[in-house]
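Peer 1:
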Amino acid sequence: MPVNLLGLGRAELTAYCANLGENPPRRFRARQLMHWMHQAGADSFSAMTDISKPLRERLALDAVIAGPSVMRDTAAADGTRKWLLDVGTGNAVETVFIPETSRGTLCISSQAGCALECSFCATGRQGFNRNLTTAEIIGQLWWANKCLGAYEGANNNKGEARVISNVVMMGMGEPLANFDNVVSAMQLMLDDDAYGLSRRRVTLSTSGLVPALDRLREACPVALAVSLHAPNDTLRNVLVPINKKYPIRELLAACVRYLDKAPRDFVMFEYTLLDGVNDSVAQARELIETVKGVPCKINLIPFNPFEGSGYARSKPDAVRRFQEILLRAGLVATTRKTRGDDIAAACGQLAGQVADKTRRAERRLARIPVVEKEPASAVGVVP
Ligand code: SAH
Ligand code: SF4
């Protein structure tokens, strides 16, 4: 089986080049390959004109540069773009690009499904299938850059505006449950010979795996978002069941430890507002007490409903009231704009629709403006 060079970090690629018995030095070769793949978007060796022809031919026999297999590419009226990627054995994950005036954010998936079963999350409802490989994780950034034309003119690392300026590990899956592959992929995101993003512009979102969060602080401290969603353990045990293992107090202590090494001096707490569940005045006040002592910002997320979730989005008045209470207490609290609603650009939602084999779902998908569509016959089910 040929090795997929897209998923090799600097050290692995250098070791790979050493195995080729290469002269000039293997480090130099590894850098050349990194530039071609990650900064020029190469998907074959033939274009690598600064590498000798015999070596290119040898590479072509031994290795591949394999990006994701794209099942569906949809664009929303507001510029949000969403790719549904086939990861084999009937599973699909998604990647979402969200353009804004001053930045472009790519939301990347880390697992097919998720084992943590947060009660309001479509991905959690699908159960866990498997970890994505490093190549599948970094391949999402590679592919999105390609699709968005970022490689044309190769403006990476030259100080010009980048199409994708920020990456958030907020797609499907729990990134800290796929620690090694996620860290390898993030190291490529940060590497100046690959994507060269600053640590502040790469954000990992976790539901709170405390030991892994401590490991991340040492291995690859990037900006941190934590899915809080409740002001106390009783409610968080229901919404985010991993809380039974790592309760709020332990999680917040880990957040404070993380900030020692973090590129930002605050943690972003995500709080999805669910109608009548966690959006009351009393819960807003309790939240203020709970996060006391942790330098933080709070991002209030309107719930993205999905069929059979049993939850509803909080009323606009409740959202405003909740936010005002936090602001009056001196906290920084923002409300996330819903983006790409017409393509269901929320965590786990499009893949959730693929799992739903009813005719109603098919009709709904048919109304989505499809930019490019490949037969999805082999990939019908996400368990
Ligand atoms: N597993 C990680 C990252 C992926 S989810 C985590 O849980 O943090 C990214 C964010 O979207 C999390 O805060 C998650 O709780 C939230 N989320 C999941 N389903 C949602 C939904 N239907 N509506 C709104 N937010 C949701
Ligand atoms: Fe998994 Fe995050 Fe969804 Fe929870 S919210 S089920 S951790 S993807």
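Numbering (the working numbering), first residue to last: 2 to 384. Backbone N, C-alpha and C fix where the C-beta goes; we use that ideal spot for every residue, glycine too. Just so it is clear, the structure is predicted and the values come from calculations on it, not from any experiment.
Which residue comes first and which comes last in the beta strand (DSSP E) that contains S208?
Peer 2: For the purposes of this step, residue 208 is taken as residue 207 along the sequence shown, with counting starting at 1. Looking at the DSSP string, S208 is not in any beta strand (DSSP E), and its letter there is neither H nor E.
Peer 1: Assuming P296 and F267 are in contact, meaning their beta carbons sit under 8 angstroms apart, how far apart are those beta carbons, in whole angstroms?
Peer 2: Against the sequence shown, residue 296 aligns to sequence position 295. Against the sequence shown, residue 267 aligns to sequence position 266. 5 angstroms between Cβ atoms; contact.
Peer 1: Counting C-beta neighbours from all protein chains within 10 Å, is the total for N157 16 or more, i.e. buried, or is it exposed?
Peer 2: Within the sequence shown, numbered from 1, the residue matching residue 157 stands at position 156. Low confidence applies to N157: its pLDDT is 45, below 50, so where it sits in the model is not reliable, and the reading given next is rough at best. By the 10 Å Cβ count, N157 comes out buried.
Peer 1: State buried or exposed for G209, treating a residue as buried only when at least 16 other CB atoms are found within 10 Å of its CB.
Peer 2: Start at 1 with the first residue of the sequence shown, and residue 209 comes out as number 208. The residue in question, G209, is buried, as its Cβ has 16 or more Cβ neighbours within 10 Å.
Peer 1: Using only alpha-carbon positions, find the residue among T273, P248, G294 that is nearest to V257.
Peer 2: Within the sequence shown, numbered from 1, the residue matching residue 257 stands at position 256. Closest by alpha carbon: G294.
Peer 1: Just tell me which of Y247, G197, G68 has its CA closest to the CA of S228.
Peer 2: Numbered from 1 along the sequence shown, position 227 holds the residue referred to as residue 228. Residue Y247 is the option with its Cα nearest to S228.
Peer 1: Given a threshold of 16 other Cβ atoms within 10 Å of its Cβ, counted over all protein chains shown, does E175 qualify as buried or as exposed?
Peer 2: Taking the first residue of the sequence shown as 1, we reach residue 175 at position 174. That one is buried.
Peer 1: Mind checking whether I139 and L189 have CB atoms under 7 angstroms apart?
Peer 2: Mapped onto the sequence shown, residue 139 falls at position 138. Mapped onto the sequence shown, residue 189 falls at position 188. In contact: I139 and L189 (Cβ atoms closer than 7 angstroms).
Peer 1: Give every residue of the same chain whose Cβ lies closer than 7 angstroms to the Cβ of S120, excluding the five residues on either side of it in the sequence, and list them in chain order.
Peer 2: Residue 120 sits at position 119 when you count from the first residue of the sequence shown. Excluding residues within five positions, the ones whose Cβ falls inside 7 angstroms are V239, L240.
Peer 1: Return the Cβ separation of L133 and Q112 in integer angstroms, given the expectation that the two are a contact with Cβ distance under 8 angstroms.
Peer 2: One-based indexing of the sequence shown puts residue 133 at position 132. One-based indexing of the sequence shown puts residue 112 at position 111. Contact holds; Cβ gap of about 6 angstroms.
Peer 1: Quick one: is V278 buried, meaning 16 or more other Cβ sit within 10 Å of its Cβ, or exposed?
Peer 2: Mapped onto the sequence shown, residue 278 falls at position 277. Buried.
Peer 1: Does the stretch 176-196 come close enough to the stretch 7-15 that 3 or more CB-CB pairs lie under 8 angstroms?
Peer 2: These segments touch.
Peer 1: Once you ignore the five residues that flank R329 on each side, which residues in its own chain have a CB closer than 7 angstroms to its CB?
Peer 2: If you number the sequence shown from 1, residue 329 lands on position 328. Correct list: empty, nothing qualifies.
Peer 1: Less than 6 angstroms between the CB of I249 and some heavy atom of the ligand SAH, yes or no?
Peer 2: Taking the sequence shown and counting its residues from 1, the one referred to as residue 249 is at position 248. Not so, every heavy atom of the ligand SAH lies at least 6 angstroms from the Cβ.
Peer 1: Looking at C-alpha atoms only, which residue of E219, S281, M269, L288 is the closest neighbour of D261?
Peer 2: Here residue 261 refers to the residue found at position 260 of the sequence shown. Nearest of E219, S281, M269, L288 to D261, Cα basis: E219.
Peer 1: I need the boundaries of the beta strand (DSSP E) containing I299, first residue and last residue.
Peer 2: Here residue 299 refers to the residue found at position 298 when the sequence shown is read from its first residue. That run of the beta strand (DSSP E) goes 297-303.
Peer 1: With burial defined as no fewer than 16 other Cβ atoms inside 10 Å of the residue's Cβ, what is the status of F46: buried or exposed?
Peer 2: By 1-based counting over the sequence shown, the position of residue 46 is 45. With 16 or more Cβ atoms within 10 Å of its Cβ, F46 is classed as buried.
Peer 1: Applying the 10 Å Cβ sphere with the 16-neighbour rule, what's the burial state of A151?
Peer 2: Position 150 of the sequence shown holds residue 151. With 16 or more other Cβ atoms within 10 Å, it is buried.
Peer 1: How about E271 and N300: are their beta carbons less than 7 angstroms apart?
Peer 2: Working through the sequence shown from its first residue, we reach residue 271 at position 270. Working through the sequence shown from its first residue, we reach residue 300 at position 299. Going by C-beta atoms, E271 is nearer than 7 angstroms to N300.
Peer 1: Comparing C-alpha positions only, which one of G22, P55, S53, L62 sits nearest to L424?
Peer 2: No information on residue 424 is available, as it lies outside the stretch 2 to 384 that the chain covers here.
Peer 1: Tell me the DSSP secondary structure of V119 in three-state form.
Peer 2: Translated into positions along the sequence shown, residue 119 becomes position 118. The displayed chain sequence assigns Cys, not Val, to residue 119. Coil.
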